[in-house]
């Protein structure tokens, strides 16, 4: 007999197989996870053993939803697919057979899929063994990322309700979430029969509160006996000036111990009531000792005064009833000892994974690039100035590491205009003089062209052949450059992501430099390093002019050594910054007039290219039309990303030569553009930009001895926009601005954790938990060596937990990132 959901099961498995095959593209043969007869037989047996085949089919459909896999790495796709198939096998053991059927014995040639170790999951990570969790609920939880009982225990409440204290009705105000009590005055149904609603009036002295249920899922009317006491918890509102609570929670009598507790409120899971989640969590807590072994060594935990993991999880889901107000505030704000334990664990395992990535890099061989001091002196002469103390220190750090036979992995962190180009040039020269090629990859063609214009004349004078390779170059030029790369005739290659395209071959790449590294993903950076010779891994230097606070740099780049440029080259002056409203914008344009009259130049920046009906923003095209009337005869130009590359290059050349006095642009000029005669920056609709981006734009001026100014024009009364602009008015320190931006927007939004190969933080917060992060970094370095060699039980548990998190995608994967 063909079961009604059998076709759905087959379709779900086919989709899952295709997802796995896509993830394995270019990798191992996916046939091992294909729809084999054994898998089909296994699934049919599972289908026979459940009460509701359609419900299981729906669960499989949800678990195979491609959107759940689209953003995941190959390793994570495989791990989740494997756990999914294993869960199906386990479901057969946990679901009772349908009435009148007996479980069919497995065919002799059918075995459980050879996936993860059965001991890791069997009976422990089957979500449907928890109370209240059937196939439909399991599918809905899985869609939220909750696939095991352990996942559920790490699904923390978003807030807590203190139901230990009663607020009298006289003190109720709209918006308060409280527990109150009274006597039932009346209870009645109202509304049409097909939409029957319930109203209960409670009285307390002279005050009345109306409890309302507007759906058919409400308590029975018989529960509300007139004159009986009643306790409610909920959000106070009003309707026609009468206080009410919509869909309140009915509480036990005040003398019931169950009433005196702090109640967790969980994040919403579509289709799963909060009460169901709470019941499932309670069921998981009953079994917590089975799978929540503490991975931290006892000595480490005690040194950091952290609670045991089991205790922390229990308290997070069931806070102590005797806590005082200060302790409750800590629970509410995520700073309780229990919260800190989970945050510390998260930081520690990310740091251990990054150290693993770093160790993996160090295991490869790199070409040692010897330093030639005479060549560096010649380079300084070409630039026309000696390096600052900060530049000399950083050049020394990089030069010493390039000379080693292990690959350099270093982040150069500097403020806008701090002189990173000279540092990069020193590394390029060292590689070329050692007989190896160097690649310099920038995120945009405009920036790559700028680097070429700066470095080509300097390196050419030193006998180093430099070439530019970008996607929009003419075919003949690209073909010629490709040949020069492959033959080793071009020693320094400057380009965009075109450098990592298939077909691009280097003769002997020894150094890769990635500029504005936050614009690139991990795969793109590794793609450039992967262009090295077989058996020799190029050195890697990544640079950014977006200052990153030290705490965040430790987390994002724990696998890199850090060099910081913390000073400006001589002759640079601070940029005077002014925040203006739209009615004051003429002040900014008057400053542009003065600069042009003095033979200087100016930028005017807009956040969008063309006018938009949805945004109250002045577009670059409209600004250009306005500016053109003030500066006729080609003294103004328009630059944005839709202009062809050749035309963009012509416009920038004209601006650099001084033929164009005012450049109206979008953020294509945000980084890397160096025009010393530009002294005025005007940012229209500055409220549309973040702090770091505004700081970058401001950095386009003030690049000489000339006094410079920046005008931020905001068409907004929003306090956040003025707070950002006032921060820039008060400070020119990029690291201070980065800290402020971090506080306002958070690390994930600014720096992009996915691009860094990192998950977003679930429990830790960079600013709030900075001390925990420092501890985790220190402890990870101390225990990493023992982690790989010690057979002590504590180290084994820590090692196993790290591997589990790597498999689950909760930490950076060394094979992907390194």
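In this note's numbering, the protein residues as written are -2 to 815.
Virtual Cβ for every residue (Gly too), placed ideally from N, Cα, C.
**Asked** Excluding sequence positions up to five away, which residues of its chain have a Cβ less than 7 Å from the Cβ of residue 628?
**Response** 593, 658, 659
Bridge partners of residue 434, per DSSP? 506
- request: Verify whether the separation of the beta carbon atoms of residue 436 and residue 468 is less than 7 Å.
  value: no
inquiry  = By the DSSP assignment, the alpha helix (DSSP H) with residue 840 in it spans what residues?
reply    = Not covered by the structure: residue 840. The range shown for the chain is -2 to 815.
**Asked** For residue 395, which of 296, 572, 591, 420 has the nearest alpha-carbon?
**Response** 420
Measuring CB to CB, does residue 211 end up less than 7 Å from residue 184? no
Q: Taking residue 652 as part of the beta strand (DSSP E), name the residues at either end of that continuous run.
A: Residue 652 -> not in any beta strand (DSSP E); alpha helix (DSSP H) instead, spanning 642 to 653.
_Assigned secondary structure, residue 752 (DSSP; H/G/I helix, E/B strand, else coil)_ = Bear in mind that a pLDDT of 48 at residue 752, under 50, signals an unreliable position, so the number given afterwards is only what the model happens to contain. Coil at residue 752, not helix or strand.
For the beta strand (DSSP E) holding residue 231, just list the boundary residues, first then last. 226 to 236
- Do you know offhand how far residue 439's Cα is from residue 477's? 21 Å
Requested in this report: Using DSSP bridges, identify the partner residues of residue 174.
Outcome: 232
- Message: Looking at the secondary structure, which residues open and close the beta strand (DSSP E) in which residue 492 lies?
- Response: 489 to 492
### Query
Tell me which same chain residues have a C-beta within less than 8 Å of the C-beta of residue 380, skipping the five on either side of it?
419, 422, 455
**Asked** residue 449 to residue 503, Cα distance in whole Å?
**Response** 19 Å
Are three or more beta carbon pairs between the stretch 672 to 689 and the stretch 582 to 591 nearer than 8 Å? yes
Practice task
Apply the 10 Å Cβ neighbour rule to residue 426 and answer buried if 16 or more other Cβ atoms are within range, or exposed otherwise.
Solution key: buried
Worksheet item: What number of angstroms, rounded off, separates the C-alpha of residue 137 from the C-alpha of residue 336?
Response: 26 Å
(message) Pop quiz: residue 206 and residue 199 are said to be a contact at Cβ under 8 Å. What is the actual Cβ separation, rounded to whole angstroms?
(response) 5 Å
Thinking just about the alpha-carbon of each residue, which of 230, 406, 464, 507 is nearest to the one in residue 243? 230
Check: Can you tell which of 491, 516, 520 has the C-alpha that lies nearest to the C-alpha of residue 508?
Finding: 491
Would you give the residue range spanned by the beta strand (DSSP E) that residue 261 belongs to? 259 to 262
- Could you tell me whether the stretch 368 to 387 touches the stretch 328 to 348, using the rule of 3 or more Cβ pairs below 8 Å? no
Check: The beta strand (DSSP E) spanning residue 482 covers which residue range?
Finding: No beta strand (DSSP E) contains residue 482, which is instead part of the alpha helix (DSSP H) from 472 to 484.
Quiz item: Would residue 191 be called buried (16 or more neighbouring beta carbons within 10 Å of its own) or exposed?
Solution: exposed
Considering only residues of the stretch 258 to 346, which uninterrupted alpha helix (DSSP H) runs meet the minimum length of 4 residues and lie entirely inside it, listed in chain order?
-> 271 to 283, 285 to 288, 295 to 300, 306 to 314, 322 to 330
Rounded straight-line distance, which links the Cα of residue 685 to that of residue 603: 9 Å
_Between which two residues does the alpha helix (DSSP H) holding residue 454 run?_
442 to 458
What is the DSSP secondary structure of residue 819, counted as helix, strand or coil? Outside the shown range of the chain, which is -2 to 815, sits residue 819, and nothing can be said about it.
Original post:
When the Cβ atoms of the stretch 556 to 564 are set against those of the stretch 641 to 650, are three or more pairs found closer than 8 Å?
Top reply: no
query: Given that a residue counts as buried once 16 or more other Cβ atoms are within 10 Å of its Cβ, and exposed if not, what is residue 186?
result: exposed
- prompt: For residue 861, which residues of its own chain have a beta-carbon under 7 Å away from its beta-carbon, when the five flanking residues on both sides are left out?
  reply: Any property of residue 861 remains undetermined from this structure, which presents the chain solely from -2 to 815.
Going along the chain, which residues of its own chain have a beta-carbon closer than 6 Å to the beta-carbon of residue 797, five neighbours each way excluded?
none
Proximity of residue 661 and residue 620 at Cβ, strictly below 7 Å
yes
Discussion item. So, with DSSP's three-state summary, where would you put residue 601?
Written reply: strand
* Looking at the unbroken alpha helix (DSSP H) that takes in residue 241, where does it start and where does it end? -> Not the alpha helix (DSSP H): residue 241 falls in the beta strand (DSSP E), residues 239 to 243.
Exercise for review: Mind checking which residues open and close the beta strand (DSSP E) that includes residue 661?
Suggested key: 659 to 662
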